[in-house]
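What follows is a set of notes on a single structure, which appears directly below.
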Amino acid sequence: MPYADSDGTSIYYERHGSGPAILFVHGSGGHHAAWWQQVAALREEFTVVTVDLRGFGRSDSSMPEFDGQDFPGDVVAVLDTENLTDVMLVGQSIGSVAALRAALLRPERVASVVLGHSLGGISHPELRELAAADRAEAVKLPVIDRLLTARFQRERADLTFLFQQMGTFNVARMQDLRNLDTDGPSLDDIRDSGVRVAFLAGERDAVLGVKTVTRAHELLPGSHLEIVPGAPHSMYWETPQAYNAAIARLRRTLTVPEDTV
Numbered sequence: 000m001p002y003a004d005s006d007g008t009s010i011y012y013e014r015h016g017s018g019p020a021i022l023f024v025h026g027s028g029g030h031h032a033a034w035w036q037q038v039a040a041l042r043e044e045f046t047v048v049t050v051d052l053r054g055f056g057r058s059d060s061s062m063p064e065f066d067g068q069d070f071p072g073d074v075v076a077v078l079d080t081e082n083l084t085d086v087m088l089v090g091q092s093i094g095s096v097a098a099l100r101a102a103l104l105r106p107e108r109v110a111s112v113v114l115g116h117s118l119g120g121i122s123h124p125e126l127r128e129l130a131a132a133d134r135a136e137a138v139k140l141p142v143i144d145r146l147l148t149a150r151f152q153r154e155r156a157d158l159t160f161l162f163q164q165m166g167t168f169n170v171a172r173m174q175d176l177r178n179l180d181t182d183g184p185s186l187d188d189i190r191d192s193g194v195r196v197a198f199l200a201g202e203r204d205a206v207l208g209v210k211t212v213t214r215a216h217e218l219l220p221g222s223h224l225e226i227v228p229g230a231p232h233s234m235y236w237e238t239p240q241a242y243n244a245a246i247a248r249l250r251r252t253l254t255v256p257e258d259t260v
């Protein structure tokens with residue numbers, strides 16, 4: 000079983016397939032196995048790497064508390080251990096914050112970052128206000144209704160149950176990730192890094208609205224925007240075919256020199 004050393008902490012990861020590399024970074028309720036529908040679909044064309052942040056899945060969870068500021072280093076440890084280059088990091092929800100920060104720490108290894116259902120912790124007053132307004136509406140809903148549509152919950156009770164069970168394998172919790180947003184990168188920091196950014200969102204995301212994501216795209220020149228019709232916050236789980244197609248398309252597109260896109 001492969002482990003990377005992140006400043007003395009053992010970080011579990013898996014590597015599947017071959018080809019251009021995609022590394023997935025889970026959100027607050029996930030771990031490496033949450034990407035089962037992505038690994039199976041993408042490993043024939045791409046190298047697919049999944050990781051457990053500290054406190055999640057099979058990574059070291061023995062520490063008395065967790066600091067979200069350490070999570071980007073966990074991603075970097077995997078990048079360095081596997082000597083990966085030209086990688087596309089894909090974050091899910093708050094995992095996108097760790098992904099973007101890891102990219103800025105290792106721009107020589109990371110070519111692009113997909114911010115899935117997230118602004119990646121970008122520090123900007125207008126975006127902060129828009130995201131806060133979205134959160135204020137989201138918290139009015141039960142947690143599961145923020146993540147999956149009501150129709151999916153009715154029609155796929157089995158996958159809804161499995162989705163909820165995923166989080167029971169983790170020691171760290173949402174509150175351990177919140178301070179990832181502290182001192183986030185500015186738009187200038189991202190531009191100066193040379194790392195290309197894509198925003199990936201679902202039309203029916205109840206956590207982060209399309210309007211907010213679109214505005215982030217407008218404020219970051221050169222960024223890409225993918226809005227998937229009918230998809231919820233946990234698009235990777237509920238609508239995996241559309242999600243996988245978007246990820247594959249972005250991996251191919253973001254490898255093309257910018258002046259030809």
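Take the sequence shown: its letters are residues 0 to 260, numbered as in numbering that gives the first Met the number 0. Glycine included, each C-beta is placed from N, C-alpha and C at the ideal position. No experiment lies behind these values; they were computed from the predicted model shown.
Assign residue 189 to one of three DSSP states: helix, strand, or coil. helix
Distance between residue 22 and residue 40 (C-alpha atoms, nearest Å): Taking C-alpha positions only, residue 40 is separated from residue 22 by approximately 14 Å.
So what does DSSP say about residue 93, is it helix, strand or coil? Residue 93 falls in the coil class under three-state DSSP.
Per DSSP, residue 21 forms a beta bridge with which residues? 47, 87
Who are the near neighbours of residue 5 in its chain, counting only those whose CB is closer than 6 Å to its CB and skipping five residues on each side? 72, 73, 76
By DSSP's criteria, residue 180 is part of a beta bridge. Which residues make up the other side? DSSP output for residue 180 lists no bridge partner at all.
Under the assumption that residue 263 contacts residue 151 (Cβ atoms under 8 Å), give the Cβ distance between them as a whole number of angstroms. No information on residue 263 is available, as it lies outside the stretch 0 to 260 that the chain covers here.
Go to residue 216, then tell me how far its alpha helix (DSSP H) extends in each direction, as first and last residue. 209–218
Can you tell me whether DSSP reads residue 15 as helix, strand or coil? Correct three-state label for residue 15: strand.
Three-state class that DSSP yields for residue 3 in the structure shown: Reduced to three states, the DSSP call for residue 3 is strand.
Does the Cβ-Cβ distance between residue 12 and residue 49 come in under 8 Å? yes
From the DSSP output, read off the bridge partner residues of residue 223. Paired residues: 197.
Beta carbon of residue 97, beta carbon of residue 211: below 8 Å? By the CB criterion at 8 Å, residue 97 and residue 211 fall outside the cutoff.
Can the beta-carbon of residue 59 be found less than 8 Å from the beta-carbon of residue 122? no
Please confirm whether residue 86 and residue 199 have their CB atoms less than 8 Å apart. No. Outside cutoff.
To the nearest angstrom, how far is the alpha carbon of residue 241 from that of residue 235? 8 Å
Tell me whether residue 9 sits in a helix, a strand or coil according to DSSP, three-state version. strand
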